[in-house]
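Quick look at the structure:
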């Protein structure tokens, strides 16, 4: 399994895959935007403001998934001392951070017509804000600490501490009384969203996932070339 | 009809900024990551072209360097 995660294998795949992922992303995003803004019906209660869901929910899902992945890769890095795990984690962090910000900002915009306020110190919103702080700390740890201070280890510990926040975000709407509604889409129980709204939601999620893959491929290649540039200096 | 669609029952002032902010964030992140990649590729080409023949042959024997060389315009291959 680990041999498929070797840097030159991933570099080879990512160099070729970038343009195909980009084309696929543009196609899926165009279909998703048409579905979300034109073809999907308005909500009987929220009217057209429900369309914000098609960017807010996928952004939140992917931002949480990416941080969870960073956490697991950090555990892998600390246990197996595999530097490639930390480079993969470092390469997926920027898109995770941007999705986190998108979820916070679009959620805030959605809050105004729905709750009458742009911001509330509600458990779900506050825990998402804390996640963005962990993302920022994780990204900054790579920039602030130099080789001598072992940034791989420091960033891994930041990700591990941040992992504690993931179940808090997930269950915050059940543990506390919040303004934020409970999740409407469940993998294990019945989903309360109508299929006409589920379709654009899933297409936009696929588009956002493709975008995060595209950013990962580009960032991973950048990191690999940066390492090799340092290697050329030593030759 | 177009105005009616853009207004979205009065919710257009919320819906459009949410979508525009998302697309702007995507475009900005893509531009930043792309510029970082191009900068590192250019730096690699410059450094590789400065190597003498013996050092460049040592470098080209490394697997990952071969992959990078295949994807950049360094001229010693």
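Chains as they are written, first to last, in the working numbering: chain B, 1 to 235; chain Y, 1001 to 1077.
Glycine residues also receive a C-beta, built at the ideal position from the N, C-alpha and C atoms.
(request) Measure the CB-CB distance between residue 6 of chain B and residue 78 of chain B and report whether it falls below 8 Å. (result) By the CB criterion at 8 Å, residue 6 of chain B and residue 78 of chain B fall outside the cutoff.
(request) Alpha carbon to alpha carbon, how far is residue 158 of chain B from residue 67 of chain B? Give it in angstroms, no decimals. (result) Approximately 11 Å between the Cα atoms of the pair.
(request) Please list the partners that residue 1037 of chain Y has in chain B, where partner means a Cβ-to-Cβ separation under 7 Å. (result) Those are 218, 221 and 222, listed as they occur along chain B.
(message) Distance check for residue 138 of chain B and residue 1010 of chain Y, CA to CA, integer angstroms please.
(response) If I take the Cα positions, the gap works out to 40 Å.
(message) Against chain B, does residue 1051 of chain Y count as a neighbour if the rule is that its beta carbon must be under 8 Å from one of theirs?
(response) Using a CB distance cut-off of 8 Å, residue 1051 of chain Y counts as an interface residue toward chain B.
(message) Within 10 Å of its beta-carbon, does residue 197 of chain B have 16 or more other beta-carbons around it, so buried, or fewer, so exposed?
(response) Per the 10 Å Cβ criterion, buried.
(message) Does the contact criterion of 3 or more C-beta pairs under 8 Å hold for the region 120 to 127 of chain B versus the region 1022 to 1033 of chain Y?
(response) No, the region 120 to 127 of chain B is not in contact with the region 1022 to 1033 of chain Y.
(request) Look at residue 58 of chain B and residue 201 of chain B and say whether their C-beta atoms are less than 8 Å apart. (result) Their beta carbons are under 8 Å apart, which means residue 58 of chain B touches residue 201 of chain B by this criterion.
(message) Against residue 1008 of chain Y, what residues of chain B qualify as contacts under a CB-to-CB distance less than 7 Å, listed in chain order?
(response) Scanning chain B for C-beta atoms nearer than 7 Å to the C-beta of residue 1008 of chain Y yields 48, reported in chain order.
(request) Name, going along the chain, the residues of the region 88 to 113 of chain B whose beta-carbon falls closer than 8 Å to a beta-carbon of chain Y. (result) Identification of residues in the region 88 to 113 of chain B having a C-beta nearer than 8 Å to some C-beta of chain Y yields 94, 95, 98, 101, 102, 105, 106, 109, 110, 112 and 113, given in sequence order.
(message) Give me the chain B residues within the contact set of residue 1040 of chain Y, using Cβ-Cβ distance strictly less than 7 Å, ordered along the chain.
(response) Correct list: 222, 225, 226 and 229.
(message) Could you give the first and the last residue of the continuous alpha helix (DSSP H) run that contains residue 45 of chain B?
(response) No alpha helix (DSSP H) contains residue 45 of chain B, which DSSP labels as neither H nor E.
(request) Tell me whether residue 205 of chain B is buried or exposed, calling it buried when 16 or more other Cβ atoms sit within 10 Å of its Cβ. (result) When all chains shown are included, residue 205 of chain B counts as buried.
(message) Does chain B have any CB closer than 8 Å to the CB of residue 1027 of chain Y?
(response) Chain B contact via Cβ: absent.
(message) Under 8 Å, Cβ to Cβ, is there at least one residue of chain Y near residue 73 of chain B?
(response) No Cβ of chain Y is located within less than 8 Å of the beta carbon of residue 73 of chain B.
(message) For residue 93 of chain B, tell me which candidate among B:149, B:110, B:64 and B:27 has the shortest Cα-Cα distance.
(response) Among B:149, B:110, B:64 and B:27, the Cα nearest to that of residue 93 of chain B is on B:64.
(message) Considering only the alpha carbon of each residue, which of B:38, B:8 and B:140 lies closest to residue 1004 of chain Y?
(response) If you compare the alpha carbons of B:38, B:8 and B:140 with that of residue 1004 of chain Y, the shortest gap goes to B:38.
(request) Determine the contact status of residue 11 of chain B and residue 221 of chain B, defining contact as a CB-CB distance below 8 Å. (result) Contact flag set, yes.
(request) Within 10 angstroms of the Cβ of residue 29 of chain B, are there 16 or more other Cβ atoms? Answer buried if so, exposed if not. (result) Flag for residue 29 of chain B reads buried.
(message) In this structure, how does DSSP classify residue 236 of chain B when only helix, strand and coil are distinguished?
(response) For chain B, the structure presents residues 1 to 235; residue 236 of chain B sits outside this window and is missing.
(request) Pull up the distance between the alpha-carbon of residue 216 of chain B and that of residue 61 of chain B, whole angstroms please. (result) Distance between the alpha carbons of residue 216 of chain B and residue 61 of chain B is about 17 Å.
(message) Using beta carbons (cut-off 8 Å, strictly below), is residue 1085 of chain Y in contact with chain B?
(response) The structure shown has nothing for residue 1085 of chain Y, since chain Y only spans 1001 to 1077.
(request) Pull up the CB-CB distance for residue 1018 of chain Y and residue 110 of chain B, whole angstroms please, since I reckon it's below 8 Å. (result) By a beta-carbon distance limit of 8 Å, residue 1018 of chain Y contacts residue 110 of chain B. Their separation comes to about 7 Å.
(request) Taking the CB atoms as reference points, tell me whether residue 165 of chain B and residue 130 of chain B lie closer together than 8 Å. (result) When the beta-carbon positions are compared, residue 165 of chain B and residue 130 of chain B come within less than 8 Å of each other.
(request) Could you tell me whether the Cβ of residue 215 of chain B comes closer than 8 Å to any Cβ of chain Y? (result) Taking Cβ atoms only, chain Y reaches closer than 8 Å to residue 215 of chain B, which makes this a yes.
(request) Kindly list, in the order they appear in chain Y, the residues whose Cβ is closer than 9 Å to that of residue 57 of chain B. (result) Neighbours of residue 57 of chain B on chain Y: none; closest Cβ ~12 Å, over 9 Å.
(request) Could you name the residues of chain Y that residue 234 of chain B contacts, counting a contact when the two beta carbons are closer than 8 Å? (result) Under the 8 Å cutoff, chain Y gives no residues; its nearest Cβ is about 10 Å from residue 234 of chain B.
(message) Counting only Cβ pairs nearer than 7 Å, list the residues of chain Y close to residue 211 of chain B.
(response) Result: 1026.
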